[in-house]
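Novice:
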Amino acid sequence: MPHIVIRPLARGDLAHVSCLVDANAMFPSEMLEGMTAAYFAGDGETQRWIVAACDGVAQGVAFTVPEPLTEGTWNTLLICVDPGAHGQGIGTALMRHIEGELRRQGARVLLVETSGTPEFRRTRRFYDMLGYEREARIRDYYTTGDDKVIFRKALI
């Protein structure tokens with residue numbers, strides 16, 4: 117298992133994070149600049165961007181935000197790890213860090229959403245392994261035949 121350092125996302129990480137997003141076919145990496153604009157403008161209270169670095173290089177990234185109109189409910193909207201580093205504890209380290217930070221600030225619930233397609237079976241098993249409960253499934257959410265599966269974990 118590599119030595120993993122969890123730290124806030126830095127502007128200098130964006131090129132490598134873009135490669136991670138592309139390698140995982142998450143969404144068009146061109147969206148990252150717009151997604152991180154408020155964070156880099158100083159909105160660290162309502163947006164949490166972190167990276168898992170090994171030997172100084174970002175090997176994983178996570179993005180978590182509070183759910184609007186709720187008390188203490190947060191949602192991890194993005195987590196991805198370099199495919200060559202899957203199974204080395206990087207995703208687990210990212211999620212444990214998020215959970216710990218949110219607990220310290222008094223958050224109640226953490227949600228994570230993913231696709232219901234066979235290609236995301238490993239992702240769903242990952243959340244099961246971390247103790248998340250399958251809370252809901254929204255049929256045909258992303259596109260016809262691609263459901264959104266929502267996982268939930270109580271933090272208190």
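Okay, so the sequence shown: first residue is 117 according to this note's numbering, each after it adds one.
The C-beta atom is built at its ideal place from N, Cα and C for all residues, glycine as well.
Please report how far the alpha carbon of residue 264 lies from the alpha carbon of residue 173, in whole angstroms.
Specialist: Straight-line Cα distance between these residues: approximately 31 Å.
Novice: With C-beta atoms as the reference, is residue 229 less than 8 Å away from residue 266?
Specialist: Going by C-beta atoms, residue 229 is nearer than 8 Å to residue 266.
Novice: By the 10 Å Cβ neighbour count, where 16 or more other Cβ atoms means buried, how is residue 152 classified, buried or exposed?
Specialist: Counting Cβ neighbours within 10 Å, residue 152 comes out buried, since at least 16 surround it.
Novice: Would you mind working out which of 246, 233 and 122 sits nearest residue 256, comparing C-alpha positions?
Specialist: Nearest option by C-alpha distance: 233.
Novice: Short of 6 Å in beta carbon distance, which residues of its chain neighbour residue 168, apart from the five on each side in sequence? Order them along the chain.
Specialist: Cβ neighbours of residue 168 beyond the five flanking positions: 120, 122, 175, 176, 206, 209 and 210.
Novice: Can you name, in chain order, every residue of its own chain whose Cβ lies under 8 Å from the Cβ of residue 130, other than the five neighbours on each side?
Specialist: Hits under 8 Å: 148, 149 and 152.
Novice: So residue 271 and residue 223 are in contact, right, with Cβ under 8 Å, and what is the actual spacing, rounded?
Specialist: Contact holds; Cβ gap of about 5 Å.
Novice: What residue range is occupied by the uninterrupted beta strand (DSSP E) comprising residue 230?
Specialist: 225–231 is the span of the beta strand (DSSP E), which, as asked, contains residue 230.
Novice: Below 8 Å on the Cβ atoms is my guess for residue 132 versus residue 166; work out the distance and round it to an integer in Å.
Specialist: Not quite, the Cβ-Cβ distance comes to about 14 Å (not below 8 Å), so this is no contact.
Novice: Could you please give the first and the last residue of the uninterrupted beta strand (DSSP E) stretch that includes residue 314?
Specialist: The chain is shown from 117 up to 272; residue 314 falls before or after that span and cannot be answered.
Novice: Could you have a look at residue 141 and say whether DSSP puts it in helix, strand or coil?
Specialist: Three-state DSSP puts residue 141 in coil, outside helix and strand.
Novice: Is it buried or exposed, residue 179, if we count other Cβ atoms within 10 angstroms and call 16 or more buried?
Specialist: Buried, because 16 or more other Cβ atoms sit within 10 Å of the Cβ of residue 179.
Novice: Leaving out the 5 sequence neighbours to the left and right, which residues in its chain are closer than 7 Å to residue 162 when beta-carbon positions are compared?
Specialist: So the list reads 181 and 182, once near-sequence residues are dropped.
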